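Contents: one structure, followed by commentary.
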Amino acid sequence: MFEARLTSAATLKKVLEAVKELLNEASFDCSDSGIQLQAMDNSHVSLVSLTLRSDGFDKYRCDRSLTMGMNLASMSKILKCANNDDTVTIKAQDDADTVTFVFESKKQEKISDYEMKLMNLDQEHLGIPETDFSCVIRMPSVEFARIVRDLAQFGETVLICCTKEGVKFSVSGDVGSANVKLAQTNNFDKEEESVSIEMQEPVSLSFACQYLISFTKATPLSPRVQLSMSSNVPLVVEYEIAELGYIRYYLAPKIED
Amino acid sequence: KHIQKSIRNYFKTK
Chain Y
1 MFEARLTSAA TLKKVLEAVK ELLNEASFDC SDSGIQLQAM DNSHVSLVSL
51 TLRSDGFDKY RCDRSLTMGM NLASMSKILK CANNDDTVTI KAQDDADTVT
101 FVFESKKQEK ISDYEMKLMN LDQEHLGIPE TDFSCVIRMP SVEFARIVRD
151 LAQFGETVLI CCTKEGVKFS VSGDVGSANV KLAQTNNFDK EEESVSIEMQ
201 EPVSLSFACQ YLISFTKATP LSPRVQLSMS SNVPLVVEYE IAELGYIRYY
251 LAPKIED
Chain X
258 KHIQKSIRNY FKTK
């Protein structure tokens with residue numbers, strides 16, 4: 001028996017919004033420790049890794065580990081039927097071929113359930129090595145989303161250069177070029193608005209704007225985003241999900257031909 | 258001119 005309950009459907013809706021642009025379907029691996037998802041996008045350029053810890057749920061029970069392959073468009077249709085403040089419970093029997101979502105309104109006067117067929121997905125799991133990154137940048141997630149959206153208008157590829165002084169995002173294309181420089185702030189009062197950089201050595205890497213835009217769909221999950229970079233390895237864009245876990249996106253850099 | 262490599266070039270299949 002698997003049962004996981006969250007008092008606010010809004011969180012699950014946001015998680016789904018954060019993955020469904022990159023993935024059509026995904027396997028949710030459920031175990032004692034929580035729910036995990038790891039999947040590459042269709043073109044195998046990026047990787048999504050989601051962890052929702054069991055202790056972050058209001059109720060969590062997983063007698064036997066199970067993998068639930070879900071069509072994310074179908075899951076999205078179901079979650080649209082929940083109000084943000086509904087309690088949501090995800091239920092499945094051991095070896096079941098369906099999963100059930102139960103939505104309960106705050107006053108319990110409305111209870112709805114939606115059963116969805118599970119899919120057998122032959123998904124490839126990649127081993128992600130532990131990396132000591134040369135640069136780790138932390139900034140407001142809204143600021144990152146804004147920069148990516150603004151610059152993507154002017155080119156397909158953004159160059160991210162990180163030094164001790166700050167981080168520079170640059171794009172050039174047919175129209176011309178654009179640069180956004182963010183300095184490291186010493187804003188201790190407003191930690192949420194600060195830009196901080198931990199740097200071992202400077203890094204410059206190029207990435208496809210289109211994927212970065214997809215990653216920023218996770219912005220509603222967290223006020224902060226963390227970018228981790230080292231030369232010649234994928235960028236990691238991480239959003240913490242308060243008291244529940246995190247979503248990490250890995251993106252292969254673009255390399256000069 | 259940039260080329261886009263697959264994420265598979267960096268992470269091996271488990």
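Those protein sequence lines, which keep their order, are chains Y and X. The numbering used here applies: residue 1 is where the first sequence begins, and numbers increase by one. The numbering used here applies: residue 258 is where the second sequence begins, and numbers increase by one. Backbone N, C-alpha and C fix where the C-beta goes; we use that ideal spot for every residue, glycine too. Note that the structure is predicted; figures quoted are calculated from it, not measured.
Close partners of A252/Y in chain X (Cβ separation under 8 Å): Q261, K262, S263, I264, N266, Y267. Taking 4 residues as the minimum length, the alpha helix (DSSP H) runs contained wholly in the segment 50 to 93 of chain Y are 72 to 79, in order along the chain.
Under a criterion of Cβ atoms nearer than 8 Å, the residues of chain X adjacent to D257/Y are, in order, K258, H259, I260. Using beta-carbon distances, T157/Y counts as an interface residue toward chain X, with a partner under 7 Å. Counting C-beta pairs with one atom in each stretch, the segment 237 to 253 of chain Y and the segment 42 to 53 of chain Y have three or more that are closer than 8 Å, which means they touch. Between G155/Y and G173/Y, the C-beta gap is smaller than 7 Å, which places the two residues in contact. Collapsing the DSSP output to three states places V148/Y in a helix. A Cβ-Cβ separation of about 7 Å places M68/Y in contact with S27/Y under the 8 Å criterion. Residues D86, T87, I111 of the same chain have their beta carbon placed closer than 7 Å to that of E104/Y, with the five preceding and five following residues left out of the count.
I241/Y and K107/Y have their C-alpha atoms some 26 Å from each other. Beta-bridge partners of G173/Y (DSSP): none assigned. By the Cβ test, the segment 117 to 131 of chain Y is not in contact with the segment 204 to 215 of chain Y, since fewer than three Cβ pairs between them sit closer than 8 Å. Rounded to the nearest whole angstrom, the CA to CA distance from V99/Y to K258/X is 46 Å. Residues A145, V148 of the same chain have their beta carbon placed closer than 6 Å to that of T216/Y, with the five preceding and five following residues left out of the count. Going by DSSP, Y250/Y is part of the beta strand (DSSP E) stretching over 245 to 251. Here L205/Y is actually not in contact with A178/Y; their C-beta atoms are around 17 Å apart, not less than 8 Å. Under the 7 Å criterion on CB atoms, V175/Y is classed as non-interfacial with respect to chain X.
In this structure, Y239/Y sits near S222/Y, with a CB-CB distance shorter than 7 Å.
Minimum Cα-Cα distance from H125/Y among the listed residues E243/Y, D257/Y, H44/Y, D63/Y corresponds to H44/Y. Cβ-Cβ distances below 6 Å link C30/Y to F2, C62, L66 in the same chain, with the five nearest sequence neighbours on each side left out; the list follows chain order. Taking all protein chains shown into account, D55/Y has fewer than 16 neighbouring C-beta atoms within 10 Å of its C-beta and is therefore exposed. Beta bridge pairing from DSSP links Q38/Y with S49/Y.
Around the beta-carbon of D41/Y, 16 or more other beta-carbon atoms lie within 10 Å, marking it buried.
Nearest to M70/Y by C-alpha distance, out of E256/Y, K20/Y, I197/Y, is K20/Y.
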